[in-house]
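Asker: In full-length UniProt numbering, the protein residues as written are 1 to 469.
Yeah, the Cβ is synthetic: ideal placement off N, Cα and C, and Gly gets one too.
The structure presented is a predicted model; accordingly, all values stated were derived computationally and were not measured.
My questions will all concern the structure given below.
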């Protein structure tokens with residue numbers, strides 16, 4: 001019973017579940033804002049009604065998603081004080097800086113210009129109104145950067161000094177914090193992955209209507225846009241993921257070793273990458289595996305003869321540096337999370353490439369192909385979620401790598417029962433919100449784009465009728 005009411009364990013579960021839930025909205029917010037901006041730009045430049053329809057169609061889904069994301073994101077801030085007060089006391093001066101910039105600068109811009117975009121139809125000049133959605137899109141991306149910079153400090157702490165008298169880390173170099181090598185590598189990888197999630201939604205929505213022969217003239221270009229967005233963003237996600245892997249090896253070699261369940265340091269051909277492995281539940285013993293020689297060496301060092309440090313050697317190093325303790329993450333979690341991230345991402349790209357092939361030159365795919373396009377929508381989102389799990393679980397047992405262990409960051413006066421009650425409450429509330437969110441987006445998708453307005457009799461231009469979102 002004591003283990004079930006362990007404040008540390010329950011606090012980790014609560015933060016993990018609420019973060020994953022909040023993360024459902026972040027990729028779509030970033031990607032749909034840019035999508036609406038691109039389609040509105042196409043409408044302003046060409047005055048074609050289908051682009052106005054697509055702007056308003058995906059803009060409505062964007063606003064639904066944004067509203068839910070704001071509500072769930074606020075909870076994340078409170079948890080630092082509720083369950084992780086010792087963490088907040090120790091690194092609040094550093095960790096709080098990028099969060100403050102996110103709230104006071106990026107989110108302020110995003111919220112302000114979303115309002116101008118919603119209520120500016122027919123009130124602002126067309127190009128000025130277009131600028132509001134572009135600023136919204138750029139602000140959402142900037143917001144993501146500040147959040148990633150804060151998380152990067154947990155992965156690779158820089159720009160600080162320890163105040164021994166106060167027993168906490170204090171910010172000394174904001175520029176070093178914002179240009180952390182982990183942040184610079186993780187940011188493009190995350191943003192392109194967000195575009196993959198958005199592309200999957202666009203493809204699914206377009207395929208749903210096209211398989212029913214609805215809004216064909218509007219949804220065909222949307223489908224092509226989504227397919228190309230998935231392929232381009234997918235390729236860039238792979239490339240930037242490679243760069244993030246190099247930064248990870250430099251700053252957290254244990255995480256790379258845990259991703260491959262590599263216990264002994266290996267070089268060259270021995271530093272192989274396993275596509276599939278069967279082993280004991282704890283990941284210590286390997287029973288069967290399919291391996292590619294040299295691949296782990298190449299991924300870690302960009303050379304075929306590079307050396308990849310193993311878990312055992314790193315454990316010995318960390319014990320000597322940080323004192324006695326177990327510095328190994330849960331191997332089976334990191335091993336499989338890393339592979340599922342790759343698998344789901346690659347499947348998303350392959351599906352999009354197949355979609356481009358089967359719809360080339362206006363060809364009509366078979367019905368089962370449409371179903372694949374519709375039901376493949378969760379793949380890139382699942383890849384992002386397990387990728388986040390890998391990133392955070394691979395850092396364990398550290399909350400801030402090399403500075404603060406996770407066990408030392410939990411609130412000392414919070415009881416397991418209190419955390420359990422809030423965990424149950426959040427789970428129930430978030431479950432209800434998830435149903436509401438899904439139904440709202442499903443309803444918006446099924447309703448499809450509005451009918452195109454009639455051209456102005458004098459100018460021949462498409463007149464926009466104001467819409468209350």
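Can you tell me the Cβ-Cβ gap for residue 430 and residue 18, rounded? I've got them flagged as a contact below 8 Å.
Answerer: Taking the first residue of the chain shown as position 1, residue 430 is located at position 430. Taking the first residue of the chain shown as position 1, residue 18 is located at position 18. Indeed, because the Cβ distance is near 7 Å, the residues count as touching under 8 Å.
Asker: For residue 225 and residue 201, what's the separation of their Cα atoms in angstroms?
Answerer: Position 225 of the chain shown, counted from the start, is the residue given in the question as residue 225. Position 201 of the chain shown, counted from the start, is the residue given in the question as residue 201. About 11 Å.
Asker: Of the choices 198, 208, 388, 409, whose alpha-carbon is the least far from that of residue 378?
Answerer: Position 378 of the chain shown holds residue 378. For residue 378, the nearest C-alpha among the options comes from 198.
Asker: Should the segment 8 to 17 be regarded as contacting the segment 103 to 120, the criterion being three or more beta carbon pairs within less than 8 Å?
Answerer: no
Asker: Do you know offhand how far residue 62's Cα is from residue 434's?
Answerer: Along the chain shown, one-based indexing puts residue 62 at 62. Along the chain shown, one-based indexing puts residue 434 at 434. So the two alpha carbons sit approximately 16 Å from each other.
Asker: Might you give, ordered along the chain, the residues of its own chain that have their beta carbon closer than 7 Å to the beta carbon of residue 68, omitting 5 neighbours on each side?
Answerer: On the chain shown, residue 68 is found 68 positions in, with the first residue counted as 1. Around residue 68: 25, 433, 437.
Asker: For a test of the three-state rule: what should DSSP assign to residue 156, helix, strand or coil?
Answerer: For this step, residue 156 is matched to residue 156 along the chain shown. Coil.
Asker: Identify which residue in 251, 209, 38 has its Cα closest to the Cα of residue 367.
Answerer: Within the chain shown, numbered from 1, the residue matching residue 367 stands at position 367. Out of 251, 209, 38, 209 has the C-alpha closest to the C-alpha of residue 367.
Asker: Between the Cα of residue 398 and those of 318, 231, 99, spot the shortest distance and give me the residue it belongs to.
Answerer: Here residue 398 refers to the residue found at position 398 of the chain shown. It is 318 whose Cα lies nearest to the Cα of residue 398.
Asker: For the candidate residues 310, 142, 203, 296, whose alpha-carbon lies nearest to that of residue 98?
Answerer: In the chain shown, the residue the question calls residue 98 occupies position 98. Closest option to residue 98, Cα to Cα, is 142.
Asker: Using only the alpha-carbon positions, how far apart do residue 117 and residue 241 sit?
Answerer: Numbered from its first residue, the chain shown carries residue 117 at position 117. Numbered from its first residue, the chain shown carries residue 241 at position 241. One C-alpha to the other measures close to 34 Å.
Asker: Between the Cα of residue 164 and the Cα atoms of 145, 90, 175, 101, which residue gives the shortest distance?
Answerer: Here residue 164 refers to the residue found at position 164 when the chain shown is read from its first residue. When only C-alpha atoms are compared, the closest one is 90.
Asker: Excluding the five sequence neighbours on either side, which residues of its own chain have a C-beta within less than 6 Å of the C-beta of residue 271, listed in chain order?
Answerer: By 1-based counting over the chain shown, the position of residue 271 is 271. Excluding residues within five positions, the ones whose Cβ falls inside 6 Å are 296, 297, 308.
Asker: Could you check what DSSP says for residue 123 in three-state terms: helix, strand or coil?
Answerer: Residue 123 sits at position 123 when you count from the first residue of the chain shown. Correct three-state label for residue 123: coil.
Asker: Put residue 65 into one of helix, strand or coil per three-state DSSP.
Answerer: To locate residue 65, count along the chain shown from 1; it is residue 65. Correct three-state label for residue 65: helix.
Asker: Between the alpha carbons of residue 358 and residue 439, how many angstroms are there, rounded?
Answerer: The sequence position of residue 358 within the chain shown is 358, counting from 1. The sequence position of residue 439 within the chain shown is 439, counting from 1. Residue 358 and residue 439: Cα-Cα distance of roughly 30 Å.
Asker: Which of the three DSSP states is assigned to residue 56 in this structure?
Answerer: Taking the first residue of the chain shown as position 1, residue 56 is located at position 56. Residue 56: helix per DSSP, three-state reduction.
Asker: Which runs of the alpha helix (DSSP H), 4 residues or longer, sit entirely within the segment 188 to 268?
Answerer: 216 to 251, 253 to 260
Asker: Taking the C-alpha atoms as reference points, what is the distance between residue 180 and residue 365?
Answerer: Numbered from its first residue, the chain shown carries residue 180 at position 180. Numbered from its first residue, the chain shown carries residue 365 at position 365. Going from the Cα of residue 180 to the Cα of residue 365 covers about 46 Å.
Asker: Looking only at DSSP bridge pairs, what is residue 471 linked to?
Answerer: The chain is shown from 1 up to 469; residue 471 falls before or after that span and cannot be answered.
Asker: Whether or not the segment 260 to 270 and the segment 404 to 417 are in contact is what I'm after, with contact meaning three or more pairs of Cβ atoms, one per stretch, closer than 8 Å; do they touch?
Answerer: no
Asker: Please state the DSSP three-state secondary structure of residue 451.
Answerer: For the purposes of this step, residue 451 is taken as the residue at position 451 of the chain shown. It is coil, neither helix nor strand.
Asker: Indicate whether residue 196 and residue 132 have their beta-carbon atoms separated by less than 8 Å.
Answerer: On the chain shown, residue 196 is found 196 positions in, with the first residue counted as 1. On the chain shown, residue 132 is found 132 positions in, with the first residue counted as 1. No.
Asker: Out of 102, 93, 54, state which residue places its alpha-carbon closest to the alpha-carbon of residue 70.
Answerer: Taking the first residue of the chain shown as 1, we reach residue 70 at position 70. Residue 70 has its Cα closest to that of 102, out of 102, 93, 54.
Asker: Apart from the five residues just before and just after residue 174, which ones in its own chain have a Cβ nearer than 8 Å to its Cβ?
Answerer: Counted from its first residue, the chain shown places residue 174 at position 174. Hits under 8 Å: 97, 159.
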